[in-house]
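>
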Ligand SMILES: Cc1ncc(C[n+]2csc(CCOP(=O)(O)OP(=O)(O)O)c2C)c(N)n1
Ligand SMILES: Cc1ncc(C[n+]2csc(CCOP(=O)(O)OP(=O)(O)O)c2C)c(N)n1
Ligand SMILES: [Mg+2]
Ligand SMILES: [Mg+2]
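Chains as they are written, first to last, in the working numbering: chain X, 1 to 379; chain F, 1 to 379; chain Y, 1 to 334; chain C, 1 to 334.
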């Protein structure tokens with residue numbers, strides 16, 4: 001029987017309600033000075049010191065990873081590296097709010113979150129190093145291969161979440177996406193499918209203000225990307241993407257909603273891309289340094305550190321341990337990324353199909369013959 | 001300088017403001033009993049009797065066209081016919097609100113609106129008759145060829161509107177789309193482009209509750225399709241799609257906004273597909289008759305008629321004239337659709353490119369030779 | 001579980017559409033990870049009734065309608081496959097697979113390779129294709145060539161009722177993505193169902209002959225067989241090869257046949273230029289060079305958008321056009 | 001209007017990327033209906049700097065950035081062309097044209113035909129394509145085959161600095177949609193600019209020879225010329241044909257060359273199976289049947305997803321592989 005849906009204007013009965021979604025002030029617990037800004041939300045969370053320190057530690061390590069990767073791409077040890085420097089609150093807060101059984105769909109931008117998940121740094125960088133595969137075992141890490149075609153991973157996350165729901169598992173899927181990616185049709189279709197099937201999935205948009213050179217104002221006319229949730233009938237949250245406490249909390253709540261069967265959530269994390277798009281990009285062509293400065297003072301790591309120091313939680317040995325682990329990681333990257341990765345030409349044909357086609361067998365044989373002839377010639 | 005967009009929760013400064021867009025009660029002037037329901041909106045329009053009668057007349061003619069087309073598809077005179085019976089308030093109200101200089105992008109469902117625009121009935125039905133082209137001159141009628149791949153015409157409308165804006169013309173583009181079509185990525189991309197460029201375009205969604213067999217509830221979880229406007233930062237309006245006065249008014253207002261340079265509008269017209277998807281479809285497989293009955297009493301033509309009668313505007317000669325014109329149209333369709341359309345095999349190659357490629361010339365010659373040989377043989 | 005078709009014993013004739021339906025039922029019964037979804041495949045049973053009764057008999061969780069978005073359908077199938085399901089999705093008509101093209105080309109075809117086999121995608125994409133049904137524009141495309149040229153996909157197409165069943169069962173059992181092209185014009189053609197048949201990758205010689213080889217697949221196999229009959233009257237003994245699977249391609253069968261006959265005509269509905277027939281003609285010309293008595297001919301659609309019902313007969317490969325091609329195979333050298 | 005390149009006199013050398021930039025400038029100057037848009041083509045000047053300075057010199061209304069959505073870009077271009085503009089859009093990388101595939105196949109290629117010429121679409125789609133630049137996945141596809149198999153599109157690709165200019169000018173002046181495939185590996189190759197050249201549809205014989213014909217286009221033309229040089233040392237006198245335009249195809253030039261030499265090798269980077277080379281080999285084999293001394297060989301990429309930088313050298317047609325193919329052309333019959 002068709003009757004017109006008639007929620008009231010405030011969308012009561014609507015996930016979170018319109019007012020919460022449309023509120024443009026991002027959820028924030030720590031202001032840029034590292035002070036508790038519970039003012040913005042009366043329900044300040046009870047902050048577990050252990051959790052805070054673990055988060056801080058992951059951010060220290062994650063940032064070290066990013067800085068080291070940037071160094072090594074300059075040295076030609078990586079084909080390309082898209083830095084997430086300054087986006088650690090998103091990269092790390094989101095991941096730490098997930099369970100190991102949850103699935104995660106990263107983009108090329110999200111190496112730090114993968115390292116935070118536990119994936120080996122060199123495995124994480126396999127693709128960007130110029131190898132032919134994602135480097136890690138997606139099944140073991142419940143982490144899809146890094147996705148480059150923008151927003152195309154979003155429907156995969158929706159589908160995987162639907163599958164988990166049908167299988168009766170309490171698995172949640174989280175897909176990262178950029179502000180630019182929200183313009184792609186696949187983003188739209190993914191959110192719609194997820195909402196219609198009430199799939200346990202979180203679409204986490206890192207609004208870092210740029211898609212390569214294109215600023216957010218040229219990407220959308222919406223007052224906030226989180227507002228898009230309204231059009232899909234799903235929960236939407238806008239969060240300060242440089243406040244790791246807020247990010248972690250928002251993702252944890254979205255995951256709980258999903259596990260309770262209350263469907264997907266769109267999270268917009270307002271942050272900033274501190275570096276150029278990749279090492280190959282020249283950001284000076286399209287943005288002012290002053291803009292970068294505005295965000296420097298909003299650094300997510302410094303912000304948490306200020307708070308932890310003030311709270312007397314950041315003892316010297318805690319700092320020493322974190323820095324040591326970070327340095328060990330950097331040394332390990334330096335050493336292992338220094339070596340040429342081993343590639344085997346036979347891998348070209350090995351995984352195109354479960355069984356190579358007769359045509360591929362012919363081609364593999366031909367290549368082998370060529371290479372044998374070469375090495376003959378070499379002798 | 002990047003500062004977070006911060007409209008207040010009501011979206012003041014936002015086209016129409018959130019409250020208006022999120023209000024789920026559709027804009028309505030005539031209730032289902034044909035009585036003025038200004039209650040729903042305090043600003044009841046001054047109704048111009050001439051305009052009302054012209055609208056009614058177009059609805060009578062449009063419906064007659066639709067009924068005749070349905071008859072003739074049964075007789076095998078059309079390859080297929082998707083009826084818009086019961087959607088005349090949308091088909092006609094939207095078109096009458098446009099200027100002849102405005103561009104219009106119809107779908108396969110919108111023959112009635114094309115006839116209302118003035119396109120000859122048989123030309124309108126050319127494609128559905130099984131010919132190879134749209135039948136009319138799109139430039140003359142400022143009407144794109146009927147579009148079948150869903151929502152793919154929406155970005156064309158956005159692009160044409162942007163072109164008109166760049167050319168400094170006051171042309172507006174209106175694209176029809178179905179409730180199902182709103183799920184396609186192209187719909188999303190079109191609305192976003194239109195909003196970003198503030199293109200003078202109207203996206204008119206005829207929410208007739210079904211996409212073939214799929215009901216709206218399986219198409220979206222949104223409380224209303226008009227709510228999608230929020231996510232693009234554009235004006236959104238929900239209108240009673242069986243109230244031609246409301247539809248015409250909503251489109252006229254959207255067109256004015258567009259001409260004033262205030263950008264695009266998304267209009268959701270809540271209506272109902274009274275017939276099966278097409279003559280080839282069997283609606284009894286997926287919906288109850290009782291549901292159809294619920295909508296029968298909301299018939300857009302009857303509703304207007306009741307009002308006009310009560311207002312004493314529907315004189316016998318007015319009725320007689322309209323019915324006569326409608327019958328003449330039906331007779332003309334009967335006669336001309338009765339004849340086999342002329343098709344010329346040379347047209348297969350004539351319009352693929354401005355100049356046929358050498359390859360096409362070879363193929364055209366080969367076909368000609370075959371046909372000549374045949375007719376030889378025939379003699 | 002009482003399925004519509006359980007009544008139909010092996011011996012009675014069923015339509016190709018019913019054979020596809022039966023294959024889906026048997027696969028869903030055999031493996032609960034098999035799910036079917038797409039536009040209108042649920043309660044309606046699909047616009048061609050191919051999924052008729054599946055939702056009723058297996059429930060909404062196994063066969064369900066989707067929102068109207070092909071990339072969304074494909075992406076959802078990929079995500080479900082990553083989690084261990086075996087989705088069978090329907091693209092309602094050939095041309096409506098195009099919105100899903102990026103998902104197909106950049107993910108469906110590549111995921112196994114990008115993950116060294118860790119994430120195989122056992123997804124079957126059912127695409128009703130081809131013309132001859134008087135469809136309006138966009139409803140008669142032959143899109144197989146786009147998939148054939150995309151490494152990582154299998155592309156198969158049945159020409160018989162039994163192949164519709166056996167190839168689809170094999171496709172669903174395959175751990176690789178399979179584009180399953182269904183010749184919609186043959187949906188209503190009836191025959192007895194044989195539930196065992198050759199594997200994906202094997203062509204079938206539908207008619208033995210010695211003078212020339214007609215190479216066809218899907219909707220044109222029937223036309224080729226009719227042409228062979230007609231040619232017999234004119235004294236040509238033609239062999240007809242039904243490819244069944246374009247990727248992988250059965251070089252062995254095709255090459256053996258053409259080396260035997262020394263002449264070949266390749267037939268398909270899609271436009272000729274850059275079409276699948278080009279690949280077939282090219283490899284036959286290369287592999288059978290010293291055996292060929294005449295150039296390999298192609299009988300295909302013209303290089304034009306698919307024409308409207310009133311003109312499609314000119315476009316589609318016909319018995320006459322095939323006979324003309326055969327006649328042009330330089331018999332004078334015999 | 002002071003354009004970056006106005007300094008560059010005809011006589012000095014410019015890069016292929018600069019030649020494309022110059023063609024865009026000159027076309028925008030000649031016709032105000034020409035607009036350029038796409039992802040990052042504005043202030044940034046494109047990721048390859050091909051549109052460098054256009055926004056600065058022609059203004060935001062003539063060259064502008066779009067939201068990140070390729071179907072939206074293509075659909076917007078189609079709508080603008082319907083209103084009389086001549087859009088030149090950029091797909092940032094080959095594989096990123098796939099989201100626009102439905103707009104290209106169902107509208108861009110068909111609108112003229114569907115409207116009996118009332119709505120021609122003078123749209124140019126610039127697609128940087130091919131490998132050899134050490135790109136990560138999805139950044140080195142050769143997607144020309146998908147467009148070549150779609151009637152209604154022209155598909156052209158330059159191999160020289162001058163062709164990059166002349167073909168693009170011709171493409172922008174064409175009233176039909178043109179897919180302009182830019183060999184990104186050649187963006188930085190320099191040469192003197194000749195602003196007049198043959199029309200779309202004409203191939204160019206880049207090297208005269210008598211023994212065999214190498215047929216190439218875009219990025220592989222240079223490789224073919226190098227192979228021809230090397231072959232000369234080995235005593236083979238090879239002719240090299242640069243197609244320049246795949247659709248329309250220059251049968252006259254190609255056929256004449258192969259009939260003269262009696263042998264042919266077709267070269268491209270895209271996967272071989274179902275690739276453009278199949279069409280070329282098929283039509284050459286058919287049209288030159290009685291002139292061919294040996295089967296037409298194809299030197300192409302393997303039938304695999306484009307490989308990573310560390311392995312692409314194995315995948316790309318190389319001088320050695322071309323020489324092997326030439327050596328296999330059954331010279332013993334000479
Ligand atoms: C479908 C598609 N189109 C274009 C590109 C090229 N591209 C790579 S990154 C990028 C910008 C993405 O911006 P955003 O989504 O905001 O993510 P960010 O890089 O800021 O993290 C573009 C255009 C792509 N990868 N995929
Ligand atoms: C891209 C695409 N996918 C699928 C179809 C097949 N199809 C034709 S009409 C239709 C339903 C459309 O429903 P809606 O958008 O609500 O429009 P309505 O028919 O109700 O007017 C479908 C699925 C199509 N035409 N285009
Ligand atoms: Mg961004
Ligand atoms: Mg509908």
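Don't be surprised by glycine CBs; every beta carbon is placed ideally from N, CA and C.
Please identify the residue among 77/F, 75/F, 87/F whose C-alpha is closest to the C-alpha of residue 58/F.
Working through the second chain from its first residue, we reach residue 58/F at position 58. Taking only the C-alpha atoms, the option nearest residue 58/F is 87/F.
> If we ignore side chains and look at the alpha-carbon of each, how far apart do residue 78/X and residue 132/C end up?
Here the question's residue 78/X lines up with position 78 in the first chain. Here the question's residue 132/C lines up with position 132 in the fourth chain. Distance between the alpha carbons of residue 78/X and residue 132/C is about 16 Å.
> Mind pulling the chain C residues with CB within less than 7 Å of residue 110/Y?
Taking the third chain and counting its residues from 1, one reaches residue 110/Y at position 110. By Cβ distance, chain C contributes 305.
> Under 8 Å from any heavy atom of ligand 4, does the C-beta of residue 273/F make it?
As a first step, residue 273/F is located in the second chain; it is residue number 273 there, counting from the start. For ligand 4, at least one heavy atom lies less than 8 Å from the Cβ of residue 273/F.
> Output needed in chain order: residues of the stretch 122 to 148 of chain X with a Cβ under 7 Å from some Cβ in chain C.
From the stretch 122 to 148 of chain X, only 127, 128, 130, 131, 132, 148 have a Cβ closer than 7 Å to chain C.
> Can you pull the chain X neighbours of residue 289/F, defined as C-beta to C-beta under 7 Å?
Locating residue 289/F in the second chain gives position 289, counting from the first residue. By Cβ distance, chain X contributes nothing, its closest Cβ being about 12 Å from residue 289/F, past 7 Å.
> Rounded to a whole number of angstroms, what is the C-alpha to C-alpha distance between residue 326/C and residue 319/Y?
For the purposes of this step, residue 326/C is taken as residue 326 along the fourth chain, with counting starting at 1. For the purposes of this step, residue 319/Y is taken as residue 319 along the third chain, with counting starting at 1. Taking the straight line joining both Cα atoms gives about 39 Å.
> Say the cut is 8 Å; is the CB of residue 26/C nearer than that to a heavy atom of ligand 3?
In the fourth chain, counting from the first residue as 1, residue 26/C sits at position 26. Residue 26/C: no, Cβ never under 8 Å from ligand 3.
> Name the one or two DSSP bridge partners that residue 245/C has.
Taking the fourth chain and counting its residues from 1, one reaches residue 245/C at position 245. The partner list for residue 245/C (beta bridge, DSSP) reads 156/C.
> Can you tell me which residues fall inside 7 Å of ligand 4, judged by beta-carbon distance to its nearest heavy atom, and keep chain order?
The filter returns 178/F, 179/F, 180/F, 206/F, 207/F, 208/F, 209/F, 210/F, 211/F, 273/F, in chain order.
> Considering only residues of the stretch 76 to 120 of chain X, which uninterrupted alpha helix (DSSP H) runs meet the minimum length of 4 residues and lie entirely inside it, listed in chain order?
If we require 4 residues or more, the alpha helix (DSSP H) runs fully inside the stretch 76 to 120 of chain X come out as 88 to 96, 111 to 117.
> Measure the C-alpha to C-alpha separation of residue 305/F and residue 312/F and round it to an integer number of angstroms.
On the second chain, residue 305/F is found 305 positions in, with the first residue counted as 1. On the second chain, residue 312/F is found 312 positions in, with the first residue counted as 1. If you take the alpha carbons of residue 305/F and residue 312/F, they lie about 10 Å apart.
> From residue 222/C to residue 330/Y, what does the alpha carbon distance come to, in whole angstroms?
For the purposes of this step, residue 222/C is identified with residue 222 of the fourth chain, where counting begins at 1. For the purposes of this step, residue 330/Y is identified with residue 330 of the third chain, where counting begins at 1. Their Cα atoms are separated by approximately 39 Å.
> Please name the residue in 339/X, 127/X, 113/X whose C-alpha comes closest to that of residue 116/Y.
Taking the first residue of the third chain as position 1, residue 116/Y is located at position 116. Of 339/X, 127/X, 113/X, the residue nearest in Cα terms is 127/X.
> Using three-state DSSP, classify residue 14/Y as helix, strand or coil.
The residue labelled residue 14/Y in the question sits at position 14 within the third chain. Correct three-state label for residue 14/Y: strand.
> How do the stretch 211 to 229 of chain X and the stretch 13 to 25 of chain X stand: do at least 3 beta-carbon pairs fall below 8 Å, yes or no?
With a cut-off of 8 Å, the stretch 13 to 25 of chain X and the stretch 211 to 229 of chain X count as touching, because enough Cβ pairs lie within range.
> Is DSSP giving residue 173/F helix, strand or coil here?
Taking the second chain and counting its residues from 1, the one referred to as residue 173/F is at position 173. Note: residue 173/F maps to strand in three-state DSSP.
> Can we count residue 138/Y as close to ligand 2, meaning its CB is less than 8 Å from some heavy atom?
One-based indexing of the third chain puts residue 138/Y at position 138. Result yes, Cβ under 8 Å from ligand 2.
> Return yes when the Cβ of residue 299/Y is within less than 9 Å of the Cβ of residue 258/Y, no when it is not.
Looking up residue 258/Y in the third chain gives position 258. Looking up residue 299/Y in the third chain gives position 299. Contact flag unset, no.
> Nearest-angstrom Cα distance between residue 36/X and residue 307/X?
Residue mapping note: residue 36/X aligns to position 36 of the first chain, counting from 1. Residue mapping note: residue 307/X aligns to position 307 of the first chain, counting from 1. Distance between the alpha carbons of residue 36/X and residue 307/X is about 8 Å.
> Are the beta-carbon atoms belonging to residue 127/Y and residue 174/Y less than 9 Å from one another?
Within the third chain, the letter at position 127 stands for residue 127/Y. Within the third chain, the letter at position 174 stands for residue 174/Y. Contact: no.
> Based on DSSP bridge pairs, tell me the residues matched to residue 210/F.
Here residue 210/F refers to the residue found at position 210 of the second chain. Partner(s): 215/F.
> Quick one: measure Cβ to Cβ for residue 80/Y and residue 160/X, integer angstroms, because I've assumed they're closer than 8 Å.
As a position in the third chain, residue 80/Y is number 80, starting the count at 1. As a position in the first chain, residue 160/X is number 160, starting the count at 1. Indeed they touch by this definition, with Cβ atoms about 7 Å apart.
> Residues in the same chain with beta-carbon distance under 8 Å from residue 173/X, minus the five sequence neighbours each way, listed in chain order, please.
Your numbering for residue 173/X matches position 173 in the first chain. These residues qualify, in order along the chain: 102, 103, 104, 105, 157, 158, 160, 161, 164, 199, 200, 201, 202.
> Taking 9 Å as the threshold (beta carbon to beta carbon), is residue 56/F in contact with chain C?
Stepping through the second chain from its first residue, residue 56/F is reached at position 56. No, no contact with chain C.
> Along the chain, which unbroken stretches of the alpha helix (DSSP H) at least 4 residues long are found entirely within the stretch 225 to 283 of chain C?
Fully enclosed alpha helix (DSSP H) runs of 4 or longer: 251 to 261.
> When you compare the CB positions of residue 337/F and residue 115/F, do they come within less than 9 Å of one another, or not?
As a first step, residue 337/F must be located in the second chain, where it is residue number 337. As a first step, residue 115/F must be located in the second chain, where it is residue number 115. Contact: no.
> Determine, using beta carbons only, whether residue 232/F comes closer than 9 Å to chain X.
Against the second chain, residue 232/F aligns to sequence position 232. Yes, because at least one Cβ of chain X sits closer than 9 Å to the Cβ of residue 232/F.
> For ligand 2, is there any heavy atom lying closer than 8 Å to the beta carbon of residue 302/C?
The sequence position of residue 302/C within the fourth chain is 302, counting from 1. No, the beta carbon of residue 302/C sits no closer than 8 Å to any heavy atom of ligand 2.
> Under 9 Å, do residue 40/C and residue 94/C count as touching if we go by C-beta distance?
The residue given as residue 40/C occupies position 40 in the fourth chain. The residue given as residue 94/C occupies position 94 in the fourth chain. No; because the gap between Cβ atoms is not below 9 Å, this pair is not in contact.
> Would DSSP call residue 306/F helix, strand or coil?
Reading the second chain from its first residue, position 306 is the one you call residue 306/F. Residue 306/F falls in the helix class under three-state DSSP.
> In whole angstroms, what is the alpha-carbon distance linking residue 252/Y and residue 133/X?
If you number the third chain from 1, residue 252/Y lands on position 252. If you number the first chain from 1, residue 133/X lands on position 133. Residue 252/Y and residue 133/X: Cα-Cα distance of roughly 33 Å.
> List, from N- to C-terminal side, the beta strand (DSSP E) runs of 3 residues or more that fit wholly inside the stretch 13 to 47 of chain Y.
Taking only runs of at least 3 residues, the beta strand (DSSP E) segments lying wholly in the stretch 13 to 47 of chain Y are 13 to 15, 34 to 38.
> Does chain Y have any CB closer than 9 Å to the CB of residue 90/C?
By 1-based counting over the fourth chain, the position of residue 90/C is 90. So no, residue 90/C is outside the interface.
> Are there any heavy atoms of ligand 2 lying less than 8 Å away from the beta-carbon of residue 203/F, as far as the coordinates show?
Working through the second chain from its first residue, we reach residue 203/F at position 203. No; taking the cut-off as 8 Å, the Cβ of residue 203/F has no heavy atom of ligand 2 nearer than that.
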